[in-house]
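Everything below concerns the one structure shown next.
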Amino acid sequence: MKVKPVNHARAAEAFIKDTPHLTFHDERLWDLRQKRDQQMHELPEWQELRTLASQIKEHTLANLPEYLEQFEANAKKNGIHVHWAADGAEHNRIVGEILEKHGAKSLIKSKSMVTEECNMREYLEPRGVVVTETDLGERIQQLDNQMPSHIVVPAVHKLTPDVAKLFAEHYHTDPNDDDPQSLAWSQRLAARPVILAADAGMTGGNFVVAETGSFVVCTNEGNADLSATVPGLHIATLGIERLVPRMADLGVFVRMLSRSALGSPITQYTTHFRGPQDGSEMHVVLVDNGRSHRLGMEDFWTSLKCIRCGACMNTCPVYRRSGGLSYGAVYSGPIGAIIDPTFNERKYSTLPFASTMNGSCTNVCPVRINIHDQLYKWRRVLAEHHELPFVKREVMNMAGRLLGQPKLYRAAISGTETALGVLPRFALYNWLNPWGKNRELPHPVKQTFHSWYKQNRLKTKKKGEDA
Amino acid sequence: MPGTGVRMKIGLFVPCYIDAFYPKTGIATLELLEKLGQDVEYPLDQTCCGQPMANSGCNKDAAAAEALFVKNFAKYDAIVMPSGSCAHHVKDNFDAIPQTDEVRHVRKNTYELVEFLHDVLKVDAFPWAEFPHKVGLHNSCGTLRALRTASMSELGEPFFSKPMDLLTKVRGISFATPRRPDECCGFGGTFSVTEEAVSAKMGVDKVRDHHDAGAEYIVSADTSCMMHQQGCAERAGVPIRFIHIAEILNGARA
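Printed below as a string of structure tokens:
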């Protein structure tokens, strides 16, 4: 069955029509970008840190098998159970089995993009496991049955009245009380009993350290710490690209993560998990899910350097005006547009075109991923793999032929009648039509530069030569 | 003659949309280079640099246009164009055709007008130029982040701006500073039609930002951005005018 490509343009158009949401979204994320800039100005070594971070990640990725084995050995020494999952299905099965073995029916978890990738909730819930997200934004998204729209601030596309309405439905609170304090309080009241009674806890991991066999979770709400430590069973889902070789490397990454993401020097909580507490169990599931495949892609492997800070999303003028959900994928924004097609080329074939290729994303990336260059490269790959819409392909093919023939081209732009003879009307007009929806056309002029030049330079030159 | 006194044989490239819709920009570029003592020719058989096809991923479809471009311009010391995005394409992405010596010569010697005036001719005065208006400078993403004619806010590097260096030599001109000077205006080539809603929203936000900062004019080295912005401004009723930097430097008063 042929999958339909995500219609980013249409979803974005709907998002833009809702002015209050759009304005808040754009301003809120722009504010994060501004705060990130301030933090950058406070660290004169910022560009050096970016280079170092990039080098450490590239080195690690180039030696991934060795570092993964080193991590596994050290983690086992620390008493951690280590599992390997080739894909999302295997990850879900492993988690399901661990929970089953412990008779665990309720799972509390902190935010993890990898579990989103694996559709873990959808797998566990029919098997009788109640999964509760403990990150506020992520919980809001769970209650609304939506994917996170941003990898750091998952509900940033919502306004407080949306949350008040949602909480009223689920927590029976006052739908008209949209005060952020009381909304946070409602969530706290609803979440605490679930946390205290949970059978198992799950976290992701921002960094995985090979030399110590430990992993690091960075949050602002402390929810990961509760998820990990309150129940006697902690499962951590870790993407295999999260690795760094040494503890010392964190001195680079921890300094950059929250500065890039939220413009704060550090997250409120930076927790190092080294092994299970007395009387409890700790499992890590190392997830590949397409990463090895991506590592083998010459033009795209460096996207694995990503530390999921979301800075590229915050700065992206297209993302800010289209909202994360318009990408129809777990990963949205510029980084999503270069990662998602590795999961499904056809489905996400539109995403590398949801960009003006302005390059701001590349500049803010703390690990120096050349995001906009990869967007450009993806466009070529998708064209070569015939994943472009028919009309675009035809228009480009016609334009390419026309622009290679000066005489035909001149004829085409000098008179509409001739132009219509040259360019099949349906394609050109249908395709260019959207220009005028919210924009005026350029004003017609009496004379092209070309004919002005012939009249004012070539003729005078000739006269001069004659004399 | 202001500048270094270098005299070069220049091939003038006038991109299709300037040729058809903004001939004044082409004329100003030509006249300005002539005033600066350059030997300028406009090869009549030119069409396009190949960028629209290449940016759409259809790189093979760009081959004919690129080959024609080289045929037209290989004989010049420098190829100058009043368009940052076209210069960026030729310099950085022009690879649909085999990279012969001729092609390499063309790519190496292609300049966007501002960088040519600033870096090659090193023009230090425009005695004929006067523009008694408040302007907002729009650096296209091609000039800003690819050709690097100005500092980029994301990197926190020391301020520099080649277009500003040139414009400050114009009598009577003053500048408005928008809130988001480096934000893309949303043109993006075919993006402007395939992602119409986002493109137009970015455009109207951009012109409002300049208008709110007090700009009477938006000035840019890229007509394509301005064609889009002008369309957005006119539809949304934002009273602001547009002018290419070549026209101001050539002495346009309004």
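Protein chains in written order, with the numbering used here: chain R, 1 to 467; chain C, 1001 to 1254.
Beta carbons are placed, not taken as given, at the ideal position from N, Cα and C, and that holds for glycine.
Check                                                                                                                                                                     : Outcome
Of the residues that make up the stretch 2-34 of chain R, which ones have a beta carbon closer than 9 Å to any beta carbon in chain C?                                    : His-8, Ala-9, Arg-10, Ala-12, Glu-13, Ala-14, Phe-15, Ile-16, Lys-17, Leu-22, Asp-26, Trp-30, Arg-33
Going by Cα to Cα distance, which pick from R:Ser-322, R:Val-194, R:Ala-383 is closest to Ser-355 of chain R?                                                             : R:Ser-322
Suppose contacts are defined by Cβ-Cβ distances below 8 Å. Is Glu-281 of chain R in contact with Leu-233 of chain R by that definition?                                   : yes
Alpha carbon to alpha carbon, what distance is there between His-385 of chain R and Val-3 of chain R?                                                                     : 15 Å
With 8 Å set as the bound, which would you pick, yes or no: does the beta-carbon of Gly-404 of chain R sit closer than that to a beta-carbon of chain A?                  : Judged by its chain identifiers, the structure shown contains no chain A, and its protein chains are R and C.
If Phe-300 of chain R sits next to Thr-350 of chain R, beta carbons under 8 Å apart, how far is it from one beta carbon to the other, in whole angstroms?                 : That pair is no contact at about 17 Å.
In its own chain, which residues sit with a C-beta less than 6 Å from the C-beta of Pro-276 of chain R, not counting the 5 before and 5 after it?                         : Gly-79, Met-282
What residue does the beta strand (DSSP E) around Leu-1044 of chain C start on, and which one ends it?                                                                    : Leu-1044 of chain C -> no beta strand (DSSP E), and no H or E assigned at all.
Excluding five sequence neighbours on each side, which residues of the same chain lie with their C-beta closer than 7 Å to the C-beta of Tyr-348 of chain R?              : Val-6, Ala-329, Asp-340, Pro-341
Please report whether the beta-carbon of Ile-335 of chain R lies at a distance below 8 Å from any beta-carbon of chain C.                                                 : no
Just by C-beta distance, which residues in the stretch 359-380 of chain R are closer than 7 Å to chain C?                                                                 : Gly-359, Ser-360, Asn-363, Val-364, Arg-379, Arg-380
Within 10 angstroms of its Cβ, does Leu-196 of chain R collect 16 or more other Cβ (buried), or is it exposed?                                                            : exposed
Between C:Glu-1195, C:Lys-1024, C:Ala-1064, which lies nearest to Leu-403 of chain R when the distance is taken from Cα to Cα?                                            : C:Ala-1064
Run through the stretch 209-294 of chain R for me and flag every whole beta strand (DSSP E) of 3 or more residues, listed as ranges in chain order.                       : 214-219, 233-239, 269-273, 281-287
Going along the stretch 1064-1085 of chain C in order, which residues come within less than 8 Å of chain R, judged by CB to CB distance?                                  : Ala-1064, Ala-1065, Ala-1067, Leu-1068
Over what stretch of residues does the alpha helix (DSSP H) that includes Ile-80 of chain R continue unbroken?                                                            : Run containing Ile-80 of chain R: none; DSSP gives neither H nor E here.
Curious, which full-length alpha helix (DSSP H) runs of at least 4 residues does the stretch 1177-1209 of chain C contain?                                                : 1191-1194
Residues of chain C with CB closer than 8 Å to the CB of Thr-315 of chain R, please, in chain order.                                                                      : Glu-1154
Could you give the uninterrupted runs of the beta strand (DSSP E) lying entirely in the stretch 1002-1066 of chain C, keeping only those of 3 residues or more?           : 1009-1012, 1039-1041
Is there a Cβ from chain C that is less than 8 Å from the Cβ of Ile-338 of chain R?                                                                                       : no
Suppose the cutoff is 6 Å on Cβ atoms and the five residues either side in sequence are ignored; what does the same chain contact list for Val-1014 of chain C look like? : Gly-1026
Does the count of Cβ pairs from the stretch 306-326 of chain R and the stretch 148-165 of chain R closer than 8 Å reach three?                                            : yes
Going by C-alpha distance, which of C:Glu-1234, C:Ala-1078, C:Gln-1099, C:Gln-1230 is nearest Asp-1119 of chain C?                                                        : C:Ala-1078
When the Cβ atoms of the stretch 1197-1210 of chain C are set against those of the stretch 430-443 of chain R, are three or more pairs found closer than 8 Å?             : yes
So, using beta-carbon positions, are Ser-292 of chain R and Pro-366 of chain R closer together than 8 Å?                                                                  : no
Any idea if Leu-189 of chain R is buried or exposed, counting beta-carbon neighbours within 10 angstroms, 16 or more meaning buried?                                      : exposed
So, Val-208 of chain R versus Thr-271 of chain R, is the Cβ gap smaller than 8 Å?                                                                                         : no
What is the residue span of the beta strand (DSSP E) that Phe-1242 of chain C lies within?                                                                                : 1241-1244
Chain C partners of Met-396 of chain R, CB-CB under 9 Å?                                                                                                                  : Pro-1052, Met-1053, Ser-1056, Gly-1057, Cys-1058, Asp-1061, Ala-1062, Thr-1190
Take Pro-1239 of chain C as the anchor and find which of C:Ala-1125, C:Ile-1248, C:Gln-1229, C:Val-1090 has the nearest alpha-carbon.                                     : C:Gln-1229
According to the neighbour-count rule (16 or more other Cβ atoms, all chains shown, within 10 Å of its Cβ), is Gln-1051 of chain C buried or exposed?                     : buried
Helix, strand or coil: which one does DSSP assign to Arg-425 of chain R?                                                                                                  : Because Arg-425 of chain R carries a pLDDT of 48, less than 50, the predicted location of this residue cannot be relied on, and the following value inherits that uncertainty. Here Arg-425 of chain R sits in helix by DSSP.
I need the DSSP call for Tyr-1076 of chain C, collapsed to helix, strand or coil.                                                                                         : coil
Tell me, please, whether the CB atom of Leu-136 of chain R is closer than 8 Å to any CB atom in chain C?                                                                  : no
For Phe-426 of chain R, would you say it is in contact with chain C, using Cβ-to-Cβ distances shorter than 8 Å as the test?                                               : Low confidence applies to Phe-426 of chain R: its pLDDT is 47, below 50, so where it sits in the model is not reliable, and the reading given next is rough at best. Cβ-Cβ to chain C under 8 Å: no for Phe-426 of chain R.
Can you find a CB in chain R that lies within less than 8 Å of the CB of Phe-1021 of chain C?                                                                             : yes
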